[in-house]
Amino acid sequence: MHSHLHTKDNINCEEIMNMLDECHARGFLHKALAGCNDIKRDVNRCLGAERYKRAQRNREKARENRKRIEEVWRKEDES
Numbered sequence: 001m002h003s004h005l006h007t008k009d010n011i012n013c014e015e016i017m018n019m020l021d022e023c024h025a026r027g028f029l030h031k032a033l034a035g036c037n038d039i040k041r042d043v044n045r046c047l048g049a050e051r052y053k054r055a056q057r058n059r060e061k062a063r064e065n066r067k068r069i070e071e072v073w074r075k076e077d078e079s
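Residues in the sequence shown are numbered from 1 upward in steps of one, following UniProt numbering.
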């Protein structure tokens with residue numbers, strides 16, 4: 001796998017990514033004859049799920065920051 005995918009954000013997918021690396025190491029012919037397709041699909045699902053979780057956390061953090069900012073603005077308007 002690409003080294004940029006082996007990060008702390010994708011630690012839950014590490015095992016399946018290593019399985020794909022091992023599958024690819026079997027050689028070009030194995031890859032060319034779709035020997036790794038199922039594992040690749042599993043990796044894509046796992047990475048997609050991790051990305052979705054990360055996006056949810058980011059949205060929630062942004063909402064909290066927005067509420068905090070609006071509270072500061074409200075206090076300034078009352079002054």
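Don't be surprised by glycine CBs; every beta carbon is placed ideally from N, CA and C. What you are looking at is a predicted structure, and each value in this text was computed from that prediction instead of being measured.
- Bounds of the alpha helix (DSSP H) holding R54 are N37 to E78.
- Between the segment 63-78 and the segment 20-38, the count of C-beta pairs closer than 8 Å stays below three; the two stretches do not touch.
- Assigned with DSSP and collapsed to three states, A32 falls in helix.
- Here DSSP, grouped into helix, strand and coil, assigns H6 to coil.
- With fewer than 16 other CB atoms across the displayed protein chains lying within 10 angstroms of its CB, I11 is exposed.
- Setting aside the 5 residues that flank it on each side, E50 is surrounded in the same chain by D9, N10, N12 and C13, each with a C-beta closer than 7 Å to its C-beta; the list follows chain order.
- A distance below 6 Å between beta-carbons, with the five flanking residues on each side excluded, links D42 to the following residues of its chain, in chain order: I16.
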